[in-house]
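From first to last, the protein sequence lines are chains A and B.
In case it helps, the numbering used here puts the first sequence at residues 163 to 515.
In case it helps, the numbering used here puts the second sequence at residues 163 to 515.
Scroll down for the structure; my scribbles are underneath it.
Protein chains: 2
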Amino acid sequence: MTDLDLSLDAAALTVVLCDIESVSGNEGPLADAVEAALRSLPHLSVDRDGDTVVARTALGRAERVVLAGHLDTVPLGDNLPCRVEDGRIHGCGTTDMKSGVAVALRVAALLPSPNRDVTYVFYDHEEVEAEKNGLGRVARNNPHWLAGDFAVLMEPTGATVEGGCQGTLRADVVLRGHRSHSARSWMGSNAVHAAGEVLTRLAGHRADEVEIDGLVYREGLNAVGITGGVAGNVIPDECRVTVNYRFAPSKSEEEAAAVVRRVLDGYRVEVSDTAPGALPGLSHPSAAAFVEMVGREPQPKFGWTDVSRFSALGVPAVNYGPGDPSVAHQREEYCDIAPILECEQKMLGWLGA
Amino acid sequence: MTDLDLSLDAAALTVVLCDIESVSGNEGPLADAVEAALRSLPHLSVDRDGDTVVARTALGRAERVVLAGHLDTVPLGDNLPCRVEDGRIHGCGTTDMKSGVAVALRVAALLPSPNRDVTYVFYDHEEVEAEKNGLGRVARNNPHWLAGDFAVLMEPTGATVEGGCQGTLRADVVLRGHRSHSARSWMGSNAVHAAGEVLTRLAGHRADEVEIDGLVYREGLNAVGITGGVAGNVIPDECRVTVNYRFAPSKSEEEAAAVVRRVLDGYRVEVSDTAPGALPGLSHPSAAAFVEMVGREPQPKFGWTDVSRFSALGVPAVNYGPGDPSVAHQREEYCDIAPILECEQKMLGWLGA
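Set out below in structure tokens:
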């Protein structure tokens, strides 16, 4: 097992963490190293569930914050071990999100007596099917491990606070018709033609822009797929439009479904999948102080992230991490050293003051 | 090899022909029997190409008519040997189209000196891919075998003349957009949404009704398929609408393509496949006499049939046969005996008078 030297700065620690390969499903060795390093810190109590490691201070502070990051990465692209060049670390996991994990580990090591109680969560299986997600598993098995007043998910945000996340809903709009031979099309009823009005409504729909805590969540209601047709000489009797609605976190899943049904009133809408958004929680004093401390204009998070799991547990959460999200999941993934050190300093300042 | 007894009436002969199984690709035994039976008739000269048998009188008549029928059937459905019950023959090939073949064979046998020269064509591979079609093969290899002033394709029409056939054109309408994550849909351009206008135009298009020789060909321009979408969280960058246009036989393939391009003006239309229609040719004296002889109101043929192959060779052609087209290709396929005998009598009367 690799010994993690938490006296390294967060950038150097990022390199060490990345070089312990941990593609989803193979987080064990890295989780072992993280657990051992945290157990060596007497101010923390440590729990483990599968390859998720949770460590906590218990100082009786008025507030508790959760710092969380996933240990796994997408599959390698011939991009390990890391290569450091011109102030940039190249390699799998550098931006998404071992640089964020390194920052959290540094806070754990350097602040035996933080000004807020802190829970550190390092979890497995974020980059694969949602049902395998380690954070979700802990939320089911041991939700009290995740209790807190405010959470920071250290996903790549370019060192800006990205607040909450939007919800997502997927539905199928099913159009029915009657088959006939296309040489006698008037004997049938064309289900694909019937989809024209559905697409026109979607194209014409003006999505909401919802301001919450000063962040503007721009929604989107889109067809993400369409399929219909039996054969080249048959009038189609079914057409299916798959719709994805990304909705502001102030809406519930039920409210989101109602929006889709209202826009597509008169059509058969089958909701197949929903996930709630997460409120940014920036009006929470702790979050407001956090944004103030970061010193950059906070942004809304549009894509769905695990902050919504905290939100579902009643814990306001933001995304904040040193990586550039646009290079995640790429062979050319990298992370600049400067924002890693900036995040490290800011987190230490915020919790150590 | 089964000896065909052409002294049987056309209904009894239908049973014999059906009981020689001849699913497409296995026409050999039936073609052998047909060839042998025709060679035994001294007034005919017989040619063969693969499993297509062509026999001709050479009496120097002013006109030549072609009687044609395919020997193959769709796959069996546990519906052979034939079963005769209450004036109806049940079994594979009864309606489509061995009853028509039986009528033509009876004419060949009973009329050594018809009032018009007659060419009899019995061909293979009609029920499968067009490139295997025996009539098409003969049209390429030996077009002079098919020469004539008028052709009767003895496909099932319920003993009514169905004139010509419509043409068919298939095209893809390709819509392009730009991908983006569906959580930031405004960064992309949704190709599926763009298809809405295409479908609306198709749904609103008023298809022509074209009268030719007293028959009204009702056209149809339809989406027969649509596909688009990358993933549930991606704004689609491509959508493809497959369109089928069934057009009156007075239009050329080029004119048909122009209609589609005009309706879908501004969109990228990729024509993938066309087949010309066939004019009914009912103004031809021979055809007019034929319709008069049949004594029923002629109808337009909407679906594409092999009459268009005759049309392409400059031979006006009609469909006329005893079977009911609506039971073709079904396990419950049958043919009533009465229309078989009616067709036999009418054909004998027409060519024997």
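Glycine included, C-beta positions come from ideal geometry on N, C-alpha and C.
Owing to the predicted nature of the structure, the values given are computational and were not obtained by experimental measurement.
Next on the checklist: List, from N- to C-terminal side, the beta strand (DSSP E) runs of 3 residues or more that fit wholly inside the segment 356-399 of chain B.
Outcome noted: 371-374, 377-380, 382-391
Checklist entry - Based on the DSSP secondary-structure assignment, which residues constitute the bridge partners of residue 232 of chain B? => result Per DSSP, B/285.
Next on the checklist: So, at 7 angstroms on beta carbons, what are the nonlocal neighbours of residue 437 of chain B in its own chain, with the 5 sequence-adjacent residues on each side left out?
Outcome noted: 329, 330, 466, 470
Next on the checklist: With a threshold of 7 angstroms between beta carbons, is residue 347 of chain B in contact with chain A?
Outcome noted: yes
Next on the checklist: Using 8 angstroms for Cβ pairs, my map puts residue 208 of chain A next to residue 220 of chain A. What's the rounded Cβ distance?
Outcome noted: Residue 208 of chain A to residue 220 of chain A, Cβ: 12 angstroms. No contact.
Checklist entry - Beta-carbon separation of residue 198 of chain A and residue 213 of chain A under 7 angstroms? => result No, the pair does not count as a contact, with Cβ atoms beyond the cut-off.
Checklist entry - By a C-beta neighbour count over all protein chains shown, 10 Å radius and 16 as the cutoff for buried, is residue 288 of chain A buried or exposed? => result Counting other Cβ atoms within 10 Å of its Cβ, residue 288 of chain A reaches 16 or more and is therefore classed as buried.
Item to check | Backbone CA spacing between residue 347 of chain A and residue 406 of chain B [nearest angstrom] | outcome: 10 angstroms
Checklist entry - What is the DSSP secondary structure of residue 497 of chain B, counted as helix, strand or coil? => result strand
Item to check | contact_flag[the segment 311-323 of chain B, the segment 221-237 of chain B] where n(CB pairs < 8 angstroms) is 3 or more | outcome: yes
Checklist entry - residue 440 of chain B touches chain A at which residues, Cβ-Cβ below 8 angstroms? => result Under the 8 angstroms cutoff, chain A gives no residues; its nearest Cβ is about 13 angstroms from residue 440 of chain B.
Checklist entry - Which one of A/211, A/215, A/187 has the shortest CA to CA distance from residue 195 of chain A? => result A/215
Next on the checklist: Strictly under 7 angstroms for the Cβ-Cβ distance: is residue 452 of chain A near chain B by that measure?
Outcome noted: Judged by the 7 angstroms Cβ criterion, residue 452 of chain A is not in contact with chain B.
Item to check | residue 264 of chain B versus residue 474 of chain B - alpha carbon distance | outcome: 26 angstroms
Checklist entry - Could one say the Cβ of residue 344 of chain B lies closer than 7 angstroms to chain A's Cβ atoms, at least one of them? => result yes
Item to check | Rounded Cβ spacing between residue 397 of chain A and residue 339 of chain A (contact assumed at less than 8 angstroms) | outcome: 7 angstroms
Next on the checklist: Using a Cβ-Cβ cutoff of less than 7 angstroms, which residues in the same chain neighbour residue 201 of chain B once the five nearest sequence positions on both sides are dropped?
Outcome noted: 208
Checklist entry - Using a C-beta to C-beta distance shorter than 9 angstroms, which residues of chain A count as neighbours of residue 382 of chain B? => result 344, 345, 346, 347, 348, 397
Next on the checklist: Please list, in chain order, the residues of the segment 281-310 of chain A that have any C-beta partner in chain B closer than 9 angstroms.
Outcome noted: none
Checklist entry - Hey, quick one: how far does the alpha helix (DSSP H) through residue 472 of chain B stretch, first residue to last? => result 469-474
Checklist entry - Does residue 314 of chain A come within less than 7 angstroms of chain B when only Cβ atoms are used? => result no
Next on the checklist: Tell me which residue opens and which closes the beta strand (DSSP E) that residue 210 of chain B is part of.
Outcome noted: Per DSSP, the continuous beta strand (DSSP E) segment holding residue 210 of chain B begins and ends at 207-211.
Checklist entry - If you compare alpha carbons, which of A/480, A/429, A/510 is closest to residue 439 of chain A? => result A/480
Checklist entry - Does the beta carbon of residue 388 of chain A sit closer than 7 angstroms to a beta carbon anywhere in chain B? => result yes
Checklist entry - List, in order along the chain, the chain A residues whose C-beta lies closer than 8 angstroms to that of residue 404 of chain B? => result 391, 394
Checklist entry - Can the beta-carbon of residue 256 of chain A be found less than 7 angstroms from the beta-carbon of residue 482 of chain A? => result no
Checklist entry - Can you tell which of B/187, B/421, B/388 has the C-alpha that lies nearest to the C-alpha of residue 401 of chain A? => result Nearest option by C-alpha distance: B/388.
Checklist entry - What residues in the segment 459-486 of chain B have a beta carbon less than 8 angstroms from any beta carbon of chain A? => result 464, 465, 466
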